[in-house]
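Visitor: In my numbering, the protein residues as written are 53 to 132. Note that the Cβ used here is the ideal one computed from N, Cα and C, for glycine as well. Here's a structure for you.
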Amino acid sequence: MALFYFRVLDKDGGGASESAHEFASLADAKAEARRALGEMAADGLPGEALNMMSVEVLDAQKQSLIEVRLLIEELPKGLS
């Protein structure tokens, strides 16, 4: 098992939190990061000021490996 850290930025955007997890592989850590982001989105989407939430996966030395992000964009389509 390898140690990974998740750095989470939730819908409130009040500073990122970190937690340690053990997984057999980076692929397993990525899958869990995606699942966690889905659960975060189910609890509520970010407001306009932030417009995103993310789970960053770091290695045991806290070097960033990947970031899974949910970005909310509002695109005007011909509204006056």
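Using C-beta distances below 6 Å, list every residue in its chain close to residue 81, excluding the 5 sequence neighbours before and after it, in chain order.
Guide: If we look at residue 81 and ignore the five residues flanking it on each side, its Cβ neighbours are 56, 75, 109.
Visitor: Between residue 123 and the rest of its own chain, which residues show a CB-CB distance below 6 Å, the 5 nearest in sequence each way excluded?
Guide: So the qualifying residues of the chain are 104.
Visitor: Considering only C-alpha positions, which residue in the set 129, 126, 112, 117 is nearest to residue 53?
Guide: Per the Cα distances, 112.
Visitor: What is the rounded straight-line gap between the Cα of residue 71 and the Cα of residue 127?
Guide: So the alpha carbons of these two residues sit roughly 34 Å apart.
Visitor: If you run the structure through DSSP and keep just helix, strand and coil, what is residue 127?
Guide: Coil at residue 127, not helix or strand.
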